[in-house]
Amino acid sequence: MRDNADLKSQIVPENAWKKAKRSGGGSGGDCVEVAVLSGGRAIRDSKNKGGGDLRLTEDRMSAFLEGVKAGAFGF
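Numbering-wise, the sequence shown is residues 635 to 709 according to the working numbering.
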């Protein structure tokens with residue numbers, strides 16, 4: 635299993651980013667993009683592409699998505 639240090643060292647090509655299907659509801663508002671990494675995922679704000687990204691291992695990404703679905707983050 636990879637750790638976050640392995641994920642942080644990976645270079646993400648610009649064409650690897652994909653906009654989330656349910657992001658923003660087509661209004662151009664809350665938009666997130668996800669890139670597949672070896673052993674995890676990177677997440678960024680599509681309106682602030684230079685603002686950095688969040689990198690999560692596969693296990694942590696699963697836990698994050700479960701938290702989102704459960705409303706743990708207030709949205």
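Yeah, the Cβ is synthetic: ideal placement off N, Cα and C, and Gly gets one too.
The structure presented is a predicted model; accordingly, all values stated were derived computationally and were not measured.
_Extent of the continuous beta strand (DSSP E) to which arginine 675 belongs_ = Looking up residue 675 in the sequence shown gives position 41. Per DSSP, the continuous beta strand (DSSP E) segment holding arginine 675 begins and ends at 674 to 679.
*glycine 686 and leucine 641 closer than 8 Å at C-beta*: Against the sequence shown, residue 686 aligns to sequence position 52. Against the sequence shown, residue 641 aligns to sequence position 7. In this structure, leucine 641 does not lie closer than 8 Å to glycine 686 by Cβ.
*Who are alanine 669's beta bridge partners in DSSP?*
Counting from 1 along the sequence shown, the entry for residue 669 is found at position 35. For alanine 669, which the question treats as bridged, DSSP gives the partners Ala676.
_glutamine 644 versus leucine 671: straight-line alpha-carbon distance, rounded_ = Stepping through the sequence shown from its first residue, residue 644 is reached at position 10. Stepping through the sequence shown from its first residue, residue 671 is reached at position 37. If you take the alpha carbons of glutamine 644 and leucine 671, they lie about 7 Å apart.
*Is the beta carbon of lysine 655 sitting closer than 8 Å to the one on glutamate 667?*
As a position in the sequence shown, residue 655 is number 21, starting the count at 1. As a position in the sequence shown, residue 667 is number 33, starting the count at 1. Cβ distance not < 8 Å, so lysine 655 and glutamate 667 don't count as in contact.
*Out of curiosity, what's the CA-to-CA distance linking lysine 681 and arginine 689?*
What you label residue 681 is simply residue 47 of the sequence shown in a count that begins at 1. What you label residue 689 is simply residue 55 of the sequence shown in a count that begins at 1. So the two alpha carbons sit approximately 18 Å from each other.
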